[in-house]
Amino acid sequence: MYLKKLALAGAVSLLGTTAFAACSYENEVPLKSLTAGFEAWKAVTDAMAECGNFQAELDQEFRTKQPAAFEANPSLYQIGGVSNGTITPLLNAGTIRPLDDLVAKYGQNLSPNQLIRVDGKIMAVAMMVNTQHLMYRSDILADLGIDTPTTWDEVFAAADKIKEAGVVDHAIGATMKSGWNLAQEFVNMYPGFGGAFFNDDNTAAVNSDAGMKALAAMKKTLDYTDPEVLVSDSTYVQQQFQQGKIAMANLWASRAGAMDDENESQVVGKVSMAAAPMAMDGGAPATTLWWDGIVIAANITDEEADAAFRLAMEGLDTEMVQGANEAAIWLVNGYQPGPLAEGAIATATANPAPPAYPSTTQMGLLHTALGNELPAFLTGDRDAAATLAAVEEAYTTSAKEAGVLQ
Amino acid sequence: MASKATAQPLSLKIASGAFLAFWCVLAAFPIAWIAVMSVKSPRDAFAASAWDVITGPVTRDSGNGLSFIDIALGLTFLFFAVRWAFTRLPRMVEQFSPPGFIVLGWLVGSAVYGILFVLIFFGVLPSVFGALNSIAGPLGTPILGLTTEHYVAVWAENQFYRNFMNSMIVTAGVVTISLTVGTLAGYGLARSGSNLAFWLLILALVFRALPHSVLVAGYLPWFINSAEILRPIFGDLSPTLYGQPWAVIAVLVSINQPFTIWMLRSFFQNIPSELDEAARVDGCSHFQAFRRVIMPVMWPGVITTGLFSFLLGYNDFLVTALLLDAQNQTMVPAIAGYFNRETTTTDQVEAVAAAVSITAPLFLLVMVFQRQIVSGLTAGAVKG
Amino acid sequence: MKFKTFFWFVAPSVFMMLLFIAAPLVSVFIQSFQITQPVMQQIEVETCTPGFLTQTCTTEIKTVPVIDGETGRTQTTTAWVGLQSYKNVLQMDKFWAAIGSGNWGDILQIDFWKALRFTLMYTLVTLPLVVGVGLMIALAVNNAAKVLRGPVIFVSLLPFIITPVIGALSIYWLFVGDGILTAMLERWLDRDIAMFAQAWTIELLIYFYRVWHVAPFAFVIFYAGLQTVNMDTLESAIIDGANRFERLRYVIVPHLMPLIIFIALIHLMDCYRAFDEIIGFRSEAYVTSLQWLTFDFLTPDDAGNRAISRAAASAMLTMIGIVFLLILPLRRTWRDHKGGAH
Chain A
132 MYLKKLALAG AVSLLGTTAF AACSYENEVP LKSLTAGFEA WKAVTDAMAE CGNFQAELDQ
192 EFRTKQPAAF EANPSLYQIG GVSNGTITPL LNAGTIRPLD DLVAKYGQNL SPNQLIRVDG
252 KIMAVAMMVN TQHLMYRSDI LADLGIDTPT TWDEVFAAAD KIKEAGVVDH AIGATMKSGW
312 NLAQEFVNMY PGFGGAFFND DNTAAVNSDA GMKALAAMKK TLDYTDPEVL VSDSTYVQQQ
372 FQQGKIAMAN LWASRAGAMD DENESQVVGK VSMAAAPMAM DGGAPATTLW WDGIVIAANI
432 TDEEADAAFR LAMEGLDTEM VQGANEAAIW LVNGYQPGPL AEGAIATATA NPAPPAYPST
492 TQMGLLHTAL GNELPAFLTG DRDAAATLAA VEEAYTTSAK EAGVLQ
Chain B
3 MASKATAQPL SLKIASGAFL AFWCVLAAFP IAWIAVMSVK SPRDAFAASA WDVITGPVTR
63 DSGNGLSFID IALGLTFLFF AVRWAFTRLP RMVEQFSPPG FIVLGWLVGS AVYGILFVLI
123 FFGVLPSVFG ALNSIAGPLG TPILGLTTEH YVAVWAENQF YRNFMNSMIV TAGVVTISLT
183 VGTLAGYGLA RSGSNLAFWL LILALVFRAL PHSVLVAGYL PWFINSAEIL RPIFGDLSPT
243 LYGQPWAVIA VLVSINQPFT IWMLRSFFQN IPSELDEAAR VDGCSHFQAF RRVIMPVMWP
303 GVITTGLFSF LLGYNDFLVT ALLLDAQNQT MVPAIAGYFN RETTTTDQVE AVAAAVSITA
363 PLFLLVMVFQ RQIVSGLTAG AVKG
Chain C
-6 MKFKTFFWFV APSVFMMLLF IAAPLVSVFI QSFQITQPVM QQIEVETCTP GFLTQTCTTE
54 IKTVPVIDGE TGRTQTTTAW VGLQSYKNVL QMDKFWAAIG SGNWGDILQI DFWKALRFTL
114 MYTLVTLPLV VGVGLMIALA VNNAAKVLRG PVIFVSLLPF IITPVIGALS IYWLFVGDGI
174 LTAMLERWLD RDIAMFAQAW TIELLIYFYR VWHVAPFAFV IFYAGLQTVN MDTLESAIID
234 GANRFERLRY VIVPHLMPLI IFIALIHLMD CYRAFDEIIG FRSEAYVTSL QWLTFDFLTP
294 DDAGNRAISR AAASAMLTMI GIVFLLILPL RRTWRDHKGG AH
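Chains as they are written, first to last, in this note's numbering: chain A, 132 to 537; chain B, 3 to 386; chain C, -6 to 335.
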């Protein structure tokens, strides 16, 4: 029985790599791509592989490899997957090519919204948006008679009631794993309080009133979270949700689908999505908007670029979206927003809208500085003012080293 | 040894036995536990109660369960299979392998054994048990949740066998080249008393102590741009080193050299130098003496050193993760990939299944070479 | 042995080490005194990014590197900065300020000193544990019935052969959140326990992992050593009336001494560059090691920045540390070398 299954699975996977059934043409030019490895990329690269002659590399080290691999001549990959954070080094080094003529040739299916323009030139084609927004256990909030929170103050008030009722282990879950995740929480909260990250001369401006408020709000979250929050990343928070251990979290939209996965989740149908809470009344939701999309390398021949873009369009077609509707908040034609997408859409269309994550060299440096210095504040080793000062100092050191500051 | 004076009081025997039992539990428990997790549905695998993880109620309810008969017969089979591996297998290998190729014989023998085991245990037994269960009544109803779906997903759907092949290529390369290069150098160092030899050894020791991340990050730009850099020398034939298994083999061999030459040097020092001197008196050159006199007696030390090289090549994460692309990725970075990217709980249990799978060859290896490790070390590879 | 013969025996090995270890090392050494940065310019850029349904375009002044028209690469300048990168890593001003003000604890706020504290303690605390536990297992196995030895050695070796990342993860899962061992402890002590919420519990777990992982290595080497203990010496010790402990102390341990030094040496080197356990236990917020610090400097952020110079400096400082640690055990090797072994 097992052998049969094995043989069958093997045969199916073999078929999958050789059949071109779902692709409208056969790709003749050998192409490679380097992207991140989450569900949406799997769906897109699988769709591209159907055209043949294509190798996808879904790699968690892509951040390390991509800038160097695209700078090689010829570039090691023709197609790259980026987000608004990771496109920066490619733009800066000029290793990706403008796509205007290719979009004119093959991009009939694209909506204007998908075209990422830098100085008027199309540099990337976005395929999905992602944002952190509020997920909550609608059953628990209904039982306790709590309205859907719209601000962080309301979240804390709701958390108090949930904590008192004792229905879950921890009222709030948070992606505060030290490093990138923790810094991202600050990057969400700080503009929510109206803060600006940099002064005009590129020096950091986080040591401000808004910075203190953002830190205070983050510390307040700790009262309601798992004490091990400094090791919890999105997967961990997602699992806590699935196991019914937490009631609310500001979590990535790309994680929503997992809540209704019957194989993993014990809370199917009980988790609802809402806009990210606001940090202060009348402000924007305390979160940032992200997009993921495709770029084409500069250091390749025009024929290769032509074939690569055509293949990418095949990967971003309506058929792919219909096969993986819940994997992301797609920007591609044919996407049917389900109930799980409500939160992300409410966040993105809020007025005032949350900012897009800034794709600049300075932001990368500040993000690292935040990720390294904030843990000391949350563990109680250092107070808020000293922490913000330390963040600015760490930023200044690395910015001088990177040549951003003199 | 069995004289009165060395006979031990009962209390000491009990204490020593208890300590050993405690240690064995400690040593095996984490590994056994991930093995248990790997055969449960995601909800069971990460359940809070240990009992739920072991019995797997969700897994059982979804139709994947073992009955009392399955467990009893399965364990019996397992017991005899393991016993056979320890007793009959070594004899058969010695009997059937041509003289001088004992190592090869072991490799073939253990591979055949592994395949046979998988075929019988996962292929034949389930259908036999299925037939038994249907006529056994209450004893035949499932009581323990168990599913092999994650293993099927990992090996068939995710094509983990490719990573397995890559691992095998890299590991085999690392072991062979390490030993060839290292044996020569170890012998040279053992027979030379010069200060240069000493400082070489000290330098190797300092190299051994280097943090790898420094070295590895230094390689990346060179490896990626090697085609461009080497073009003036090799023309259009110049390769891109990034993603090439043989380039990774070279790096791992170099990183492993310091340990290898230290091990082998101390081993050669314990082979009396009169042996090769006698050969030299008979008119052999150093190389001939090495080949005729030393090579036949060096195997215990070489096998032990080879095992350490194997572990290094097989378990390496830092080098392989950074320098190989997806097509040539080995198993360890592939598994880390399951965890590090945005994952689902199912991905994680699949990663656990993959993790258990990659320990299986290590199991076999230790089973087979256990005696050689101890005898090789006893023969002097660690006297220095 | 003539030099020429010797040369040909060691040449392949030395060549590989020079190419793949020494050459990168030299370049790291040079980089630690240099800073290479791109030439930056400020330009006004309009960027359009997608919202849901509509785009938003913003115009802002961005600092971006200048791209060389001829080569198509970013223009960079390299400057010698002396010990600047070392200063950035060591942060001596803060160090002395902390000592001056008497707040010694503040020193551990500085990344390098925090990592150094852990790395040293980790190395020195686990060293006797590994040797001790390894020796105890070896003696116990040597004591066990012959039939049991094979399986026991096999089980004992498991923690050593298992892939380190996976070994660390398997222990991490037992304790993280309501992992089964944490849950068991909670039931036993009747209180809520979070193993990964404070530094000392994480540190204990990492120590435990290390001993678990390396003690089998020490064990198998000691066990091999025990097989060659001179029986005559042992028997004459018995005749002299030495008790069990004295026999261990005066016969067995001296016999194993070279092996203990060997284990200590290997352990010092491996422990000092601890890295896998920091990743495996996700302890970056509380506990970091020197190699992790270097790795962290080298990991590019989203914008592709890496602190290469500081990474080089921290790697060099790590090197200096290991040389200090190794001097003691190596003095003996030097004496041995001078004493013969030709």
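All residues carry an ideal CB built from backbone N, CA and C; glycine is no exception.
Query	Result
Given this structure, state the Cα-to-Cα distance separating residue 108 of chain A from residue 277 of chain A, to the nearest angstrom.	A query on residue 108 of chain A cannot be resolved here, the shown segment of chain A reaching from 132 to 537 and no further.
For residue 247 of chain A, which residues in chain C fall below 7 Å Cβ to Cβ?	41, 42
Taking only beta-carbon positions, decide if residue 189 of chain A is within less than 8 Å of chain B.	yes
Kindly list the residues whose CB is nearer than 6 Å to the CB of residue 282 of chain B, restricted to its own chain and excluding five residues on each side of it in sequence; keep chain order.	291
Roughly how many angstroms separate the alpha carbons of residue 158 of chain B and residue 314 of chain A, rounded to a whole number?	39 Å
Can at least three beta-carbon pairs, one atom from the stretch 258 to 272 of chain A and one from the stretch 347 to 357 of chain A, be found at a separation below 8 Å?	no
Does the structure place the stretch 70 to 77 of chain C close enough to the stretch 266 to 286 of chain C that three or more beta carbon pairs sit under 8 Å?	no
Cβ of residue 154 of chain B within 7 Å of any heavy atom in the ligand MN?	Because no ligand of any kind appears in the structure shown, any question about the ligand MN cannot be addressed here.
Please report how far the alpha carbon of residue 152 of chain A lies from the alpha carbon of residue 163 of chain A, in whole angstroms.	The predicted position of residue 152 of chain A is uncertain, since its pLDDT is 49 and thus under 50; a value taken from the coordinates is nonetheless stated next. Taking the straight line joining both Cα atoms gives about 20 Å.
Starting from the beta carbon of residue 317 of chain B, find every residue of chain C whose beta carbon is closer than 7 Å, and list them in chain order.	156, 157
Helix, strand or coil for residue 36 of chain C per DSSP?	strand
Can you name the residues that DSSP bridges to residue 405 of chain A?	A:265
Assuming residue 168 of chain C and residue 188 of chain C are in contact, meaning their beta carbons sit under 8 Å apart, how far apart are those beta carbons, in whole angstroms?	4 Å
Answer yes or no: do residue 526 of chain A and residue 500 of chain A have a C-beta to C-beta separation smaller than 8 Å?	yes
On a Cα-Cα basis, can you pick out the residue from B:247, B:293, B:255 that is closest to residue 12 of chain C?	B:255
Would you kindly work out how many angstroms separate the C-alpha atoms of residue 248 of chain C and residue 373 of chain A, rounded to a whole number?	57 Å
Could you please give the first and the last residue of the uninterrupted beta strand (DSSP E) stretch that includes residue 379 of chain A?	377 to 383
What is the DSSP secondary structure of residue 41 of chain C, reduced to helix, strand or coil?	strand
Run through chain C and tell me which residues come within less than 7 Å of residue 369 of chain B, C-beta to C-beta.	147
Between which two residues does the alpha helix (DSSP H) holding residue 290 of chain B run?	288 to 291
Quick one: Cα of residue 172 of chain A to Cα of residue 189 of chain A, how far?	8 Å
Which residue comes first and which comes last in the alpha helix (DSSP H) that contains residue 259 of chain B?	247 to 271
Measure the CB-CB distance between residue 123 of chain C and residue 379 of chain B and report whether it falls below 8 Å.	no
Using only alpha-carbon positions, find the residue among C:199, C:287, C:215 that is nearest to residue 216 of chain B.	C:287
Going along the chain, which residues of its own chain have a beta-carbon closer than 6 Å to the beta-carbon of residue 301 of chain A, five neighbours each way excluded?	356, 357, 377
Going straight from the alpha carbon of residue 492 of chain A to that of residue 44 of chain B, what length do you get?	40 Å
Who are residue 211 of chain A's beta bridge partners in DSSP?	A:165, A:426
Hey, would you say residue 185 of chain A sits closer than 8 Å to residue 158 of chain A, going by beta carbons?	yes
Who are the Cβ neighbours of residue 178 of chain C in its own chain at under 6 Å, not counting the five residues just before and after it?	186
Quick check on this structure: which residue in B:375, B:325, B:316, B:327 has the alpha carbon closest to the alpha carbon of residue 334 of chain B?	B:316
Could you work out which residues of chain C lie near residue 256 of chain B, taking near to mean beta carbons separated by less than 8 Å?	9, 10, 12, 13, 14
For residue 354 of chain A and chain F, any beta-carbon pair shorter than 8 Å?	Absent here is chain F; the protein component of the structure consists of chains A, B and C.
Please state the DSSP three-state secondary structure of residue 27 of chain C.	strand
Measuring alpha carbon to alpha carbon, tell me which of B:253, B:36, B:69 ends up nearest residue 147 of chain B.	B:69
For chain A, find out if any of its Cβ atoms is closer than 8 Å to the Cβ of residue 287 of chain B; answer yes or no.	no
Could you tell me which chain C residues have their CB closer than 9 Å to the CB of residue 321 of chain B, listed as they occur along the chain?	Near residue 321 of chain B there are no residues of chain C at all, since even the closest Cβ is about 10 Å away, more than 9 Å.
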